[in-house]
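This report concerns only the one structure given below.
Number of protein chains: 4
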Amino acid sequence: MGGYYVGRERKARRAYGFDEVALVPGDKTIDPQDIDISWKIGDLSFKIPILAAAMDGVVDVNFAIQMGKLGGLAVLNLGGIQTRYEDPYRVIEEIVHSSSKEAVEILQKIYREPIKEELIEKRIKEIKKAKVPVAVSCIPQQAKKFGPIAQEAGADIFVVQATVVTAKYVSSSKEALDLKSFCQQMSIPVIAGNCVTYKAAYELMETGIEALLVGVGPGAACTTREVLGVGVPQVTATMDAAAARDDYLKSSGRYVSIITDGGMITGGDICKALASGADAVMIGSAFARAKEAPGKGYHWGMATSDENLPRGARVRVGTTGTLKEILYGPARLDDGSQNLAWAIKTSMSYCGVSTIKQMHNVEMVIAPAIKSEGKFFQDVQRIAKIR
Amino acid sequence: MGGYYVGRERKARRAYGFDEVALVPGDKTIDPQDIDISWKIGDLSFKIPILAAAMDGVVDVNFAIQMGKLGGLAVLNLGGIQTRYEDPYRVIEEIVHSSSKEAVEILQKIYREPIKEELIEKRIKEIKKAKVPVAVSCIPQQAKKFGPIAQEAGADIFVVQATVVTAKYVSSSKEALDLKSFCQQMSIPVIAGNCVTYKAAYELMETGIEALLVGVGPGAACTTREVLGVGVPQVTATMDAAAARDDYLKSSGRYVSIITDGGMITGGDICKALASGADAVMIGSAFARAKEAPGKGYHWGMATSDENLPRGARVRVGTTGTLKEILYGPARLDDGSQNLAWAIKTSMSYCGVSTIKQMHNVEMVIAPAIKSEGKFFQDVQRIAKIR
Amino acid sequence: MGGYYVGRERKARRAYGFDEVALVPGDKTIDPQDIDISWKIGDLSFKIPILAAAMDGVVDVNFAIQMGKLGGLAVLNLGGIQTRYEDPYRVIEEIVHSSSKEAVEILQKIYREPIKEELIEKRIKEIKKAKVPVAVSCIPQQAKKFGPIAQEAGADIFVVQATVVTAKYVSSSKEALDLKSFCQQMSIPVIAGNCVTYKAAYELMETGIEALLVGVGPGAACTTREVLGVGVPQVTATMDAAAARDDYLKSSGRYVSIITDGGMITGGDICKALASGADAVMIGSAFARAKEAPGKGYHWGMATSDENLPRGARVRVGTTGTLKEILYGPARLDDGSQNLAWAIKTSMSYCGVSTIKQMHNVEMVIAPAIKSEGKFFQDVQRIAKIR
Amino acid sequence: MGGYYVGRERKARRAYGFDEVALVPGDKTIDPQDIDISWKIGDLSFKIPILAAAMDGVVDVNFAIQMGKLGGLAVLNLGGIQTRYEDPYRVIEEIVHSSSKEAVEILQKIYREPIKEELIEKRIKEIKKAKVPVAVSCIPQQAKKFGPIAQEAGADIFVVQATVVTAKYVSSSKEALDLKSFCQQMSIPVIAGNCVTYKAAYELMETGIEALLVGVGPGAACTTREVLGVGVPQVTATMDAAAARDDYLKSSGRYVSIITDGGMITGGDICKALASGADAVMIGSAFARAKEAPGKGYHWGMATSDENLPRGARVRVGTTGTLKEILYGPARLDDGSQNLAWAIKTSMSYCGVSTIKQMHNVEMVIAPAIKSEGKFFQDVQRIAKIR
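Listed in order, the protein sequences are those of chains W, F, U and V. Residue 749 in this note's numbering sits at position 284 of the first sequence, with consecutive numbering throughout. Residue 667 in this note's numbering sits at position 202 of the second sequence, with consecutive numbering throughout. Residue 674 in this note's numbering sits at position 209 of the third sequence, with consecutive numbering throughout. Residue 752 in this note's numbering sits at position 287 of the fourth sequence, with consecutive numbering throughout.
And the structure:
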């Protein structure tokens, strides 16, 4: 795995992010129409390998329904506004209309409201009624309690998610979630994460999960990286988790999907995640820009409201198109944020591969992340000469 | 070829772009007057190794004529405005006067107008009348149809160009262009591209083409890179294609020219492309700034009008001088965008080489792309102390 | 230790800074409540491994008392305003109200006032009265004189500090401080620095000091680096000093603490310093932003007033919270500058370690320092998706 | 010498610039008062190893006199305004008062005026009268003619300088300067350059020159790099030339000084050049800011007026202090642009060396050139904590 001397007697691996690699075109090209980008987990199968993140500015009941109808999967956060408030939209109004200065404190206040179990049940049933798969998430501490409720209410997939999740949690005072027992108790597929290393990934797979979320502090500007110093760029993290998946498959015969989560905005980033070994990707900000997103052009993280250590502000992302346009086009923007499905297919076409699994082996180069200076030069570089 | 661990079990090569390398002066210097920078393809020979790209803001009939008279070669796009409209200038007016917001949609509308075969014939004859070589281009899907028309009308060179072109195209529903048959059918030289790898380059050479266009997503800000994740920086791409050219020459006895296409703006970039192994370069934006350019100071890519996935906006580049000044000076700007021919000769003079083929072996160093911070420091650095 | 060719026959090691590395989450996670971040020197023990730097905008008597009560340690500069002026606050007013242009000259003037021995005694006693440990510092040239005075007055720790301190100082005209004799004469623990190399660190440890300050020109924008060309990024410097500590422990049986000093602003930087091998960190700017800081939102270095070669301007850092909030939260900012103790614990929790000594062995990756371009992208990246 | 794969079958060395390295403090420190930074060429000896570049905004008769009196050496350009115009100050007024747009054309016009031999004689005598060493320069094509005139008039040092100078110049129509014969004919020391490679440096030394100027396209923003693609970062270039010097000394017994020329602005850059092996440095912009500089706060290169390919604009650098302050302080700026002599001594003090020759072996590290983002963070980093 290489490694470079960082100190006199200490080596570190170099980890790579999306901005630092590029995909190499193949020796053949393939008609995008012939390319299959579907993804499945358990018995459920999806047209596109894209999940919408369990964030309150992105996924509500309606968004989850629309996403499902379009062939994707949205995850509803059971620890968010939707399950704390009977009428979440009044609360979102408050977030949206708060000033940048107040936002953190207002978010902290709003998320102090307790989660109601009856709302968990209610939201799941609302989505279920539309006959689309229902995925919900919560943090490990609440999984044992909310898991059975969600399953009972009709959820199809349960996601256990925190900044860092490992198979083993050590505490002298709190009871840790036994993920292995939890997976056995649940009759629906469990997705867990996030993690970034081979070993942590492998051990999580051994607990019985069906898919793994990959991504901790992916970018240099990430708050996890800034505030805690912790993080691994996503190309390397995804590749390492994918290596664990392949090795686990060899020894167990069971295929656990890798879902790269975080750090992707453009279609190019998604393509690079798939080429790094991801079976699917989980996206937040791109969907926060959809007309269907409850955040109305605003986006915030679930850690922004942390009482002790709030991380990541509320951000104005704007509304740029419908969910359908974002997923399937036609694109009206030229920045790679729309028609993500076609972008994946076109990329695979150039790389000469026709399934996501083949995409896992596409050649990459390490390419400079440095962009030319000066607006003129950059603008000119952006011109795509050829159709 | 080296390679670095990007993931636990996965290596990637480091690819280099123009900003990251610099040419090393030679052990002797040569009088620029004694330096030969001519280039040839088939029986045609050109004073300068510079082609103007088949873009609608750059090349029209008049531009192609002026370029030919000055010893260069301009390629007219058969899929552009010139062959869709009897009077293309009214349409260009519309593009130029549209707002930035409307530009993509207006371009999409304009390029919906069908291509007229009689206009293909007409444009070629208009250029031909001026007694300069005529080069035209189209995408692979239209080559079989437009190739014979163009040749019949008097074209001297035919260019088959798409973002990525490979010798093999796989489709379950569409007929693929058989480039080998096409080259055999055409009696004029065929140029094809773009490609960026050794293998793809070698296989394209085997089809019988006379020259190869090299360049896919060259820069970090490139739309192909941003939207699709695909691309290889140009120094490495050119070197790899040049290696294929040299190996193919050894086995076949036939020399196929390498034309580096894209990512170059200044004379310095062109010099680096030649030192990477290019026989010639294809330039867009530098020519969009010519008084003779039909775009009137605007520049846009052929993919901007893509119905599904528009890539790259219309950019205001301004008009900075005549085509003659851009190619042969005297330069009135000090930024390396004028007097390109003299810049190449001066560079070769310092490198101690007197032909383009010798330039292919000039030593390079990897030099930091990072520019000093602060305008003052940068301005001061720009001062060329010595004549 | 590796090394790369910088010149034809000359190699240099690559040194790394905080921005270039990131910590890798562990295979287990630990309850932050169970994590011990205490630190000790001699018989004194501290709740948190954070020292406040001996800078006049940061530490005065009151600040030192508050810091001590909160379980940390502040160092009072014996060569600063507090010991030159009976009423230092009038002088600080002058600094704070000077224009940016005047600031250097005003600082030069203010620091021309001689140091008064009676004020040394007075300040130490003022702190001592609050029953918190007293730490004071001076430059090597003054140590022999001020050391005994400070010890006599009740100081608990004495710091000998200059930009670069080595065990051996060569001068034809001045008497050099013999650090070994000095340590023997002093009955309280001596901390010395700064240094950045293994050998210099080892030799300083041999003089009998209890802790070593590490850091010379840590960042690229550092004035020591800019003005003198001298400096070593902090991750590498800390690792090398830590290697010296470990080797010195093996041969002498004595453990000398490593205190990384300089270049850290966020909690993330502190976590990386600890993971590089530091036992504690010394911080300036983060504390200059405390309500208790004497600088009232302004911050300046002790070299700004240098008569010959002033380095580093007076900077407006603003006042963002109380010292308590900065150390223990609750954080009201999301940028990693508040609740540093909890940030360290959370980071260690994710890394799966429960003591600072274990933190010394946490895995790092080299991760790109390059941040995405464009405010939108950066803002979105800052969102912490998961709690 | 290492090397990395840039293309499939092509390697390139990595070359380093000032921004990418930093000096490592030594194991001992030395009293700056005991440090010797003198430099000599032939029989002439100078207090400081700093030359002022032969640029028209920097050196005129008066500046050369002041520089000489202060123990340095200024080179007067025989191809500049001073020898073209009886009254050069009227012409400088015109340059200074021209708009940015006109500047290139006005410079081109001004430098069309022929050089007058009587003015060469006159300027040299004017400097000579002040009893300071006189150094003058011209381009290789004029050396044969101007050399004897200058020597006759009393010049002490003759500089032959062009962007790239090699021992061998090939031309079918022009007579090349035979540098070996020239050196033999001249009874005063000859300095020649610029060059950047070991071989070119070695061959130039063999012609009999006393000192070598090193530097071609040192920075990424350099016009030679931008316009022509040619250049080598200065740390590597200096190290390679110094290796040639050392090898040439071994075989010939003759020591040829290395003068690093270009790319340095702060004292830190100068210190790094000396540590790379330079015996002295040649500086332009830092002196253009002196009150004594004829450019009155403006600075331009000798290539700005090139008729064919003007490179590098006229830049407003401002006037920041007297020449004495720039060289010997006291500094009133904190950015490393003043008190250069003391900066060199302080740097050498920290590195533990007392002569320039010892400085040649000081350890360097490769340190990231990347500066932290955000003005606040940068400002805070600039604070020099310790005196």
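In this text, a Cβ means the ideal position worked out from N, Cα and C, and glycines have one as well.
Whose CA, out of the options, lies closest to the CA of residue i?
| i | options | result |
| --- | --- | --- |
| U/Ile730 | U/Val471, U/Ala708, U/Gly801 | U/Gly801 |
| F/Asn621 | F/Thr820, F/Lys505, F/Tyr576, F/Leu788 | Note that residue 621 of chain F is Asp in the sequence shown here, rather than Asn. Checked all of F/Thr820, F/Lys505, F/Tyr576, F/Leu788; the closest Cα to F/Asp621 is F/Lys505. |
| W/Tyr469 | U/Val486, U/Gly472, U/Glu474, U/Lys594 | U/Val486 |
| W/Glu474 | U/Ala832, U/His825, U/Glu570 | U/His825 |
| F/Asp726 | F/Leu714, F/Ala796, F/Lys737 | F/Lys737 |
| U/Phe528 | U/Gln803, U/Glu828, U/Lys789 | U/Lys789 |
| U/Met520 | U/Ala758, U/Ile791, U/Ala632, U/Asn804 | U/Ala758 |
| V/Thr853 | V/Pro514, V/Ala778, V/Tyr763 | Outside the shown range of chain V (466 to 852) lies residue 853 of chain V, about which nothing can therefore be said. |
| V/Tyr854 | V/Leu798, V/Asp771, V/Leu792 | Not covered by the structure: residue 854 of chain V. The range shown for chain V is 466 to 852. |
| V/Val471 | F/Ile653, F/Ile791, F/Ile821, F/Ala706 | F/Ala706 |
| W/Leu774 | U/Lys574, U/Val661, U/Arg797 | U/Arg797 |
| F/Ser652 | F/Tyr550, F/Ala665, F/Gly612 | F/Gly612 |
| F/Ile515 | F/Cys687, F/Thr787, F/Leu792, F/Lys596 | F/Leu792 |
| W/Gln616 | W/Ala627, W/Val599, W/Pro605, W/Ala632 | W/Val599 |
Buried or exposed: which applies to residue i, given that a residue is buried once 16 or more other Cβ atoms fall within 10 Å of its Cβ?
| i | result |
| --- | --- |
| U/His719 | Correcting the residue type first, residue 719 of chain U is Arg in the shown sequence and not His. With fewer than 16 Cβ atoms within 10 Å of its Cβ, U/Arg719 is classed as exposed. |
| F/Leu541 | buried |
| V/Pro579 | exposed |
| W/Gln861 | Residue 861 of chain W lies beyond the residue range present for chain W, which begins at 466 and ends at 852; the question has no answer from this structure. |
| V/Arg555 | exposed |
| U/Asp552 | exposed |
| V/Lys810 | buried |
| U/Glu583 | exposed |
Any idea what DSSP makes of residue i, helix, strand or coil?
| i | result |
| --- | --- |
| V/Asp552 | coil |
| W/Pro825 | Contrary to the premise, residue 825 of chain W reads as His rather than Pro in this sequence. Residue state, collapsed to three classes: coil. |
| V/Thr703 | helix |
| V/Met813 | helix |
| U/Thr631 | coil |
| W/Leu543 | coil |
| W/Ile831 | strand |
According to DSSP, what are the bridge partners of residue i?
| i | result |
| --- | --- |
| F/Trp504 | F/Phe511 |
| W/Gly658 | W/Gln626, W/Leu678 |
| F/Thr725 | F/Val679, F/Val746 |
| F/Ser602 | F/Asn542, F/Val624 |
| F/Ala806 | For F/Ala806, which the question treats as bridged, DSSP gives no partner whatsoever. |
| U/His764 | U/Val780 |
Counting only Cβ pairs nearer than 9 Å, list the residues of chain B close to residue i.
| i | result |
| --- | --- |
| U/Leu774 | Of the chains in the structure shown, none is chain B; the protein chains are W, F, U and V. |
Should residue i be counted as a contact of the ligand ZN given a C-beta to heavy atom distance under 7 Å?
| i | result |
| --- | --- |
| U/Ala778 | For the ligand ZN, the structure offers nothing, since it holds no ligand at all. |
Contact set between the region 650 to 667 of chain U and chain V, restricted to residues whose Cβ is under 9 Å from the partner
Gly658, Asn659, Cys660, Val661, Thr662, Lys664, Ala665
For the region 697 to 713 of chain V, which residues have a CB atom closer than 8 Å to at least one CB atom of chain F, in sequence order?
Val697, Pro698, Thr701
If contact means a Cβ-Cβ distance below 8 Å, which residues of the region 574 to 596 of chain F contact chain W?
none
Residues of the region 602 to 630 of chain W whose Cβ lies closer than 8 Å to any Cβ of chain U, in chain order
Ile604, Gln626, Ala627, Thr628, Val629, Val630
What are the residues of the region 717 to 747 of chain F that lie near chain V, defined by any Cβ-Cβ distance shorter than 8 Å?
Thr731, Gly732, Gly733, Asp734, Ile735, Cys736, Lys737, Ala740, Ser741, Gly742
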